[in-house]
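As structure tokens, the structure follows; a few thoughts come after it.
2 protein chains.
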Amino acid sequence: MQNLSKNQQIIFDLIDKSPEPLKAYTILYNVQKKGIKAPLQVYRALDKLVEIGKIHKIESRNAFIACHNSSCRVAKATAFSICEICEKVTEISSAGLSKYLANFKDKDGMKYIKYNLEFFGLCKKCKVK
Amino acid sequence: MQNLSKNQQIIFDLIDKSPEPLKAYTILYNVQKKGIKAPLQVYRALDKLVEIGKIHKIESRNAFIACHNSSCRVAKATAFSICEICEKVTEISSAGLSKYLANFKDKDGMKYIKYNLEFFGLCKKCKVK
DNA sequence: ATTTAAATTGTTATAATATAACAAGATGTT
DNA sequence: AACATCTTGTTATATTATAACAATTTAAAT
Numbered sequence: 001m002q003n004l005s006k007n008q009q010i011i012f013d014l015i016d017k018s019p020e021p022l023k024a025y026t027i028l029y030n031v032q033k034k035g036i037k038a039p040l041q042v043y044r045a046l047d048k049l050v051e052i053g054k055i056h057k058i059e060s061r062n063a064f065i066a067c068h069n070s071s072c073r074v075a076k077a078t079a080f081s082i083c084e085i086c087e088k089v090t091e092i093s094s095a096g097l098s099k100y101l102a103n104f105k106d107k108d109g110m111k112y113i114k115y116n117l118e119f120f121g122l123c124k125k126c127k128v129k
Numbered sequence: 130m131q132n133l134s135k136n137q138q139i140i141f142d143l144i145d146k147s148p149e150p151l152k153a154y155t156i157l158y159n160v161q162k163k164g165i166k167a168p169l170q171v172y173r174a175l176d177k178l179v180e181i182g183k184i185h186k187i188e189s190r191n192a193f194i195a196c197h198n199s200s201c202r203v204a205k206a207t208a209f210s211i212c213e214i215c216e217k218v219t220e221i222s223s224a225g226l227s228k229y230l231a232n233f234k235d236k237d238g239m240k241y242i243k244y245n246l247e248f249f250g251l252c253k254k255c256k257v258k
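Residue numbers (the working numbering), protein chains in the order written: chain A, 1 to 129; chain B, 130 to 258.
Structure, rendered in structure tokens:
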């Protein structure tokens, strides 16, 4: 694992500490005091962090979350659960699921090496309410 | 199934005829001759069409595709394959896959009623090249 | 140490995607 | 007809993301 550059480290630290996915401009506002002034600086760091698997993008929310799944260091196979009320996002770490999807073949016999799965529902807390 | 309104019908027809997912502003440019002038008119129709399951949003592409899967009229469980070269998108219709995902429970025993899965790979054509 | 290539940064401007807020008209139901 | 709901039209604005260009830093190779 290569070391992160200055901007990459600043932005990764912020995302890693956050209990919730962060959006690019939220990140920008939070790192301006550290000298990162422009959107592009944020997006470039995000691109790289996604590429090396340190973070994932929640596509349906345009938000970024740190990877807490040691098995997905390739950043190619991601699965999340998203609470539709509180928007809490959790990375799903299920050997069964990832095995099933990794082996899934469609009608044409096509195999996929990369996927993104987003489950929607109610989290424990919001279910109770 | 309720009938579509004028704008909804115009926009659905366009998406339904398209061999590829369409983006909101591409749709806008293509329906301006029919009197739909503003982005909001497009987004409102898209929202409704998604809601009633006539189209799906490809989240990773910000694009919309007509539903060609008779079994997902609730628009709650979608799976697509996306070619990373030509960007061709196909809706996956696999009883096994949908059954597996519908029954998937995470560690907390949580069941999800809705999901979106996007597989990435190379389509037949692009694989050959 | 110097060269070199690659990666990273900084900066301004702009493109692309999406919603807020308000007013009016159409439609369906009782 | 009265009512509620859905749909439309319109302007303005918010949010998300990239283009284009130049300079600097880093790492590795010689």
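The beta carbon of each residue, even a glycine, is placed where N, CA and C say it ideally should be.
### Message
Looking at the strands, I want to know which residues DSSP matches up with A/A77.
### Response
Looking at the DSSP output, A/A77 shares a beta bridge with A/Y115.
### Query
Three-state secondary structure (DSSP) at B/C255?
In the structure shown, B/C255 sits in a helix (DSSP, three-state: H, G or I).
#### Entry: Selection of the segment 235-251 of chain B by Cβ proximity to chain A, strictly under 9 Å
Listed in sequence order: D235, K236, D237, M239, K240, Y241, I242, K243, Y244, N245, L246, E247, F248, F249, G250 and L251.
### Task
Flag A/Y43 as yes if its beta-carbon sits less than 7 Å from any beta-carbon of chain B, otherwise no.
Not an interface residue.
### Query
Can you list the residues of chain B that A/F104 reaches, using a CB-CB cut of under 7 Å?
Neighbours of A/F104 across chain B, judged by C-beta separation under 7 Å: L226.
### Query
Does B/R202 get closer than 7 Å to chain A when you measure Cβ to Cβ?
The pLDDT assigned to B/R202 is 49, lower than 50, so where the model puts this residue is not dependable, and the model offers no usable value.
### Task
Going by DSSP, name the residue or residues bridged to B/F249.
BP columns for B/F249 point to A/K114 and B/I211.
### Query
Do the CB positions of B/S189 and B/E149 come within less than 7 Å of each other?
Not a contact, by the Cβ cut-off of 7 Å.
### Three-state secondary structure (DSSP) of A/E20
Residue state, collapsed to three classes: coil.
### Task
Over the uninterrupted alpha helix (DSSP H) stretch that includes A/K99, give me the two end residues.
Counting along the chain, the alpha helix (DSSP H) containing A/K99 begins and ends at A95 to A102.
### Reduced DSSP secondary structure (H/G/I, E/B, other) of B/E180
For B/E180, the secondary structure class from DSSP, reduced to helix, strand or coil, is helix.
### Message
Run through the DSSP bridge pairs and tell me what B/H185 is partnered with.
### Response
Looking at the DSSP output, B/H185 shares a beta bridge with B/I194.
### Task
Using the Cα positions of A/Y29 and A/I11, report the straight-line distance between them to the nearest angstrom.
Rounded to the nearest angstrom, the two C-alpha atoms are 11 Å apart.
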